[in-house]
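In our numbering, the protein residues as written are 974 to 1639.
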C-alpha cells in the first residue's frame, strides 16, 4: 500500500517597489490598479499564506497616503497570513554599495517594518536578484537568515533542476546564509497562464514528489503590466488561482520562515555572480548582446537551450557602469559622498543625511533593459537631488581638486564654490561633464547620449504584436510602440553629451585639446583655440581665445532641465519675450543673453555672452524600450552657439549661472 502524497508547499511572495522620485500619479495608478486590489483580494482568503516585500521609500509613501491599506496589511500580518521580507531600504543593488551602507540600508528597512507591522524580517529580497557572495556578511550581520534568488543561479552552479525544491546553504568569510531558488516556470506562469492551468501545473509538480514550489516576483505583474488589470481582477484570475490552491488536497501554503524552521538544508552551494537570465543580456554592450542573443536563438532552434543556458550566462549587473558612462559617473559620485559621510563623527551622521545617501543609492536609475530607469530623466534627477542635498549639508570651502573619479583613464577637475560645482574632464573634448547647483540640488549636465542598443534592431523588423493563446502576453514577449520612432531617432551619438563641446562650421570636431598652463589648447591646422574655465560666486565663466581661425566655431551645450518638453519649461529672451518651450526648436540670429526657466526646478539657468552670437536650440531625444513599448524621451535641450572670430573678434566669454525664483523672480 502506497502512502498518500505529502502536499506540495507553495511558498508565494511578492515584491512591491517604486523608484525613488517617481511621479505621484504613477504611484497613484499603481496603488489603485495593483497594491490595493491585490491586498483586498488576498484579505478575503486568510488561509492563503504569503510573503511580501515593500521597498522602504514606497512603504513611506503608502503609510502617508493610504494608511487604511497599510492597516489592512498590518491586520493580515497580525493574524498570521503575511510574512515580511527585508532588503536595502531604498532598493539598492547591495553588491554595488559599500558594506557599511549595506548594513544601514538593511537595518533601516527592518526597523521600519518592525515599527509599523510588529515583525522583524528573517528573509530578504535581493534587488533584481543580483547575487554576489560579498553581500553575505552584510545580510547575516543584520539578522537576515535567508534570501530568494532565481533557480537559474543554482543551475549555473551545476545543481540539477530536480533538486531545487528547498533551500541551500552558502557561506562567505564564515558567515552562513540560506538560499531559496525561485522557480522560473512559476514566474512565467503566474499570472499569465489561465488560473486553472496554473493550479493544475502545481498539482502535477506535487504528484512528481517535489516538496515545494518557490515563487517571489514583482507584485506589479498583478495589475500594472499591460493587460494584467483586466486579466487578474476584472476577469478574476487572482480569485480563481487562490481558490484553486486552497481547494486542492495536493497543495498547501506556508511562510518561508515556517518552511525554513521545519526543513533541513539541501546542502552547501556556492553561486556564481549573476542575476536573472534576461538581465545578463541587457547588461552587455550592443555587439555582445547581439552575439549572445544569436547564440541563444541558435541553441533554441537546435533544442539544446534548456540544457545549455546555465553555461551561456552573458554579463553581470555591474557591467552597466561600463556600458553607460552616465551611470558610472553617478555611481562613483555617490561612492565619494558615502566616504565623506562615513568620515564624519557619529553625531554628524544624522538620519536625514543617511536618508539622502540611501535614496541616492536606489538602483533604478543606474541600469536599463526592458525595465530599469536610466533613460528616465526624472529618476536620474532624484539621484542627483539627494546626492547634492547631502553634499550641501556636508559643506566645504572653495576648492579645486583633480582626480580620475570614474576610473576611465582621464582626470576630472572639480571646481567647487559654496553654491556651485563644475567638473571638467581633462580629455580631448575638455568639456563640462557636471554643472550642479547646491541650492537647487540639480545637475544641469545630467543628460544621456544616444548609444547603440541591441533592441534597436527591432525597428527594422515587422513590428506587430504576437498573438497568444489562452492567456496574455508577458512584457518580455510584447512588441509595441508608445511613440512614432524612426531609425534616425536611434542613430548613436559620435561624441559625449557634455557642455562646451566644440566643432568647426564645416562639422569637424574640435576634440584634441591638451592642457597648457591654466587653459586647454587645441590646434586646427594653423589655427589655435584656447578654452579656460573659472568658477566663483557669480557663476561659471568659460573663455575662448582664437588665433588664426578663419571659420566659425560652434559651441554646443547639452543642458538638462527638469521640465524638458513639459509645460513648465520655457526660454526667455533678453527683452523678456517668451518664444517657446524647451520641447520646440528655437533660432536666434543674434543674442547676448538667454534664460532657461523651469517651474519644476523652481529656478532658472542664465546664459550670457560678452559679444553677440547666433544660437540654435533643439530638444535631444533618445529611443528606449520599456514594458509599455518603444518610446522617445527628451533628455535635455541642445544649445548650439555659432561664433565667428573673424567678424566678432577673437575673444568670447560665456557666463552660466543658476538661481531660484525667490532670489530672481521672473
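Cβ coordinates follow ideal geometry from the N, Cα and C atoms, glycine included. For clarity, every value in this text was computed on a predicted model and none was experimentally measured.
Is the stretch 1015 to 1033 touching the stretch 983 to 1001 in the sense that three or more CB pairs, one from each, lie closer than 8 Å? With the rule of 3 Cβ pairs closer than 8 Å, the stretch 983 to 1001 counts as touching the stretch 1015 to 1033.
Which whole-angstrom value describes the C-beta separation of residue 1292 and residue 1256, a residue pair presumed to lie in contact below a C-beta threshold of 8 Å? Working through the chain shown from its first residue, we reach residue 1292 at position 319. Working through the chain shown from its first residue, we reach residue 1256 at position 283. With a contact defined as Cβ atoms closer than 8 Å, residue 1292 and residue 1256 qualify at about 4 Å.
Inspect the CB distances between the stretch 1551 to 1560 and the stretch 1585 to 1593 and report whether three or more fall short of 8 Å. In this structure the stretch 1551 to 1560 touches the stretch 1585 to 1593; the number of beta carbon pairs closer than 8 Å is three or more.
Same chain only: Cβ atoms within 6 Å of residue 1371, ignoring 5 sequence neighbours per side: Working through the chain shown from its first residue, we reach residue 1371 at position 398. Answer for residue 1371: 1390, listed in chain order.
Selected residue, minimal CA-CA separation from residue 1461, among 1500, 1109, 1272 and 1595: Walking along the chain shown from the start, residue 1461 turns up at place 488. For residue 1461, the nearest C-alpha among the options comes from 1595.
Please report how far the alpha carbon of residue 1616 lies from the alpha carbon of residue 1474, in whole angstroms. Here residue 1616 refers to the residue found at position 643 when the chain shown is read from its first residue. Here residue 1474 refers to the residue found at position 501 when the chain shown is read from its first residue. For the pair residue 1616 and residue 1474, the Cα-to-Cα distance works out to about 13 Å.
Let's test the definition: count the other Cβ atoms within 10 Å of the Cβ of residue 1612 and tell me whether it reaches 16, buried, or not, exposed. For the purposes of this step, residue 1612 is taken as the residue at position 639 of the chain shown. Answer is buried; the Cβ neighbour count reaches 16.
Residue 1437 versus residue 1418 - alpha carbon distance: The count along the chain shown starts at 1 and reaches residue 1437 at position 464. The count along the chain shown starts at 1 and reaches residue 1418 at position 445. With a pLDDT of only 34 at residue 1437, under the threshold of 50, the placement of this residue in the model should not be trusted, and no figure is reported.
Under 8 Å by Cβ, that's how I've got residue 1140 and residue 1094 pegged, so tell me the actual separation to the nearest angstrom. Within the chain shown, numbered from 1, the residue matching residue 1140 stands at position 167. Within the chain shown, numbered from 1, the residue matching residue 1094 stands at position 121. Not really, about 16 Å apart at Cβ, beyond 8 Å.
Pick from 1002, 1109 and 1486 that is closest to residue 1148, judged by C-alpha positions: Here residue 1148 corresponds to residue number 175 of the chain shown, with the count starting at 1. Residue 1109 is the option with its Cα nearest to residue 1148.
Name the two residues that bound the continuous beta strand (DSSP E) containing residue 1141. Position 168 of the chain shown, counted from the first residue, corresponds to residue 1141. It spans 1141 to 1145 - the beta strand (DSSP E) in which residue 1141 sits, taken as one unbroken run.
Tell me whether the beta-carbon of residue 1432 lies closer than 8 Å to the beta-carbon of residue 1367. Here residue 1432 is taken as the residue at index 459 of the chain shown, counted from 1. Here residue 1367 is taken as the residue at index 394 of the chain shown, counted from 1. No, the pair does not count as a contact, with Cβ atoms beyond the cut-off.
Compare the beta carbon distance of residue 1715 and residue 1233 with 8 Å and say whether it is the shorter of the two. No statement about residue 1715 is possible, as the shown extent of the chain runs from 974 to 1639 and does not include it.
Taking the straight line between their C-alpha atoms, what separation do you get for residue 1353 and residue 1198? Against the chain shown, residue 1353 aligns to sequence position 380. Against the chain shown, residue 1198 aligns to sequence position 225. So the alpha carbons of these two residues sit roughly 23 Å apart.
If I follow the unbroken alpha helix (DSSP H) through residue 1046, where does it start and stop? Locating residue 1046 in the chain shown gives position 73, counting from the first residue. 1040 to 1051 is the extent of the alpha helix (DSSP H) around residue 1046.
With burial defined as no fewer than 16 other Cβ atoms inside 10 Å of the residue's Cβ, what is the status of residue 1549: buried or exposed? The residue given as residue 1549 occupies position 576 in the chain shown. Here residue 1549 is exposed. Its C-beta has fewer than 16 other C-beta atoms within 10 Å.
Please report the residue range of the beta strand (DSSP E) in which residue 1605 lies. Here the question's residue 1605 lines up with position 632 in the chain shown. From DSSP, the beta strand (DSSP E) with residue 1605 extends over 1602 to 1616.
Coil, strand or helix - residue 1581 by DSSP: The residue you call residue 1581 lines up with position 608 of the chain shown. DSSP places residue 1581 in strand when its eight states are reduced to three.
Smallest Cα separation from residue 1507: which of 1629, 1555, 1029 and 1402? Locating residue 1507 in the chain shown gives position 534, where the first residue counts as 1. Among 1629, 1555, 1029 and 1402, the Cα nearest to that of residue 1507 is on 1629.
Going by beta-carbon coordinates alone, are residue 1082 and residue 1116 separated by less than 8 Å? The residue given as residue 1082 occupies position 109 in the chain shown. The residue given as residue 1116 occupies position 143 in the chain shown. For residue 1082 and residue 1116, no; Cβs fall outside 8 Å.
Compare the Cα-Cα distances from residue 1413 to each of 1362, 1430, 1386 and 1388 and report the closest residue. The residue given as residue 1413 occupies position 440 in the chain shown. With respect to the C-alpha of residue 1413, the residue from 1362, 1430, 1386 and 1388 having the closest C-alpha is 1362.
What does the alpha-carbon distance come out to for the pair residue 1513 and residue 1395? Locating residue 1513 in the chain shown gives position 540, counting from the first residue. Locating residue 1395 in the chain shown gives position 422, counting from the first residue. Here the alpha carbons of residue 1395 and residue 1513 stand approximately 8 Å from one another.
What's the C-alpha gap between residue 1242 and residue 1130? Position 269 of the chain shown, counted from the start, is the residue given in the question as residue 1242. Position 157 of the chain shown, counted from the start, is the residue given in the question as residue 1130. In this structure, the straight-line span from the alpha carbon of residue 1242 to that of residue 1130 is close to 8 Å.
Less than 8 Å between the CB atoms is what I'm expecting for residue 1305 and residue 1379, so what's the real figure, rounded? For the purposes of this step, residue 1305 is taken as the residue at position 332 of the chain shown. For the purposes of this step, residue 1379 is taken as the residue at position 406 of the chain shown. Residue 1305 to residue 1379, Cβ: 5 Å. Contact.
DSSP three-state call for residue 1527: helix, strand or coil? Within the chain shown, residue 1527 is the residue found at index 554, counting from 1. DSSP places residue 1527 in strand when its eight states are reduced to three.
Given this structure, state the Cα-to-Cα distance separating residue 1688 from residue 1103, to the nearest angstrom. Outside the displayed range of the chain (974 to 1639) lies residue 1688, so it cannot be described from this structure.
At the level of alpha carbons, what is the spacing between residue 1346 and residue 1335? Indexing the chain shown from 1 puts residue 1346 at position 373. Indexing the chain shown from 1 puts residue 1335 at position 362. Residue 1346 and residue 1335: Cα-Cα distance of roughly 11 Å.
Cβ of residue 1123 within 8 Å of Cβ of residue 1164? Along the chain shown, one-based indexing puts residue 1123 at 150. Along the chain shown, one-based indexing puts residue 1164 at 191. No, these two residues do not count as a Cβ contact at 8 Å.
Determine, using beta-carbon pairs with one atom in the stretch 1273 to 1280 and one in the stretch 1320 to 1335, whether at least three such pairs fall under 8 Å. Contact between the stretch 1273 to 1280 and the stretch 1320 to 1335 is absent, because fewer than three Cβ pairs lie under 8 Å.
Roughly how far, in whole angstroms, is the beta-carbon of residue 1348 from the beta-carbon of residue 1597, given that I think they are within contact range, below 8 Å? Position 375 of the chain shown, counted from the first residue, corresponds to residue 1348. Position 624 of the chain shown, counted from the first residue, corresponds to residue 1597. Confirmed, Cβ separation roughly 4 Å.
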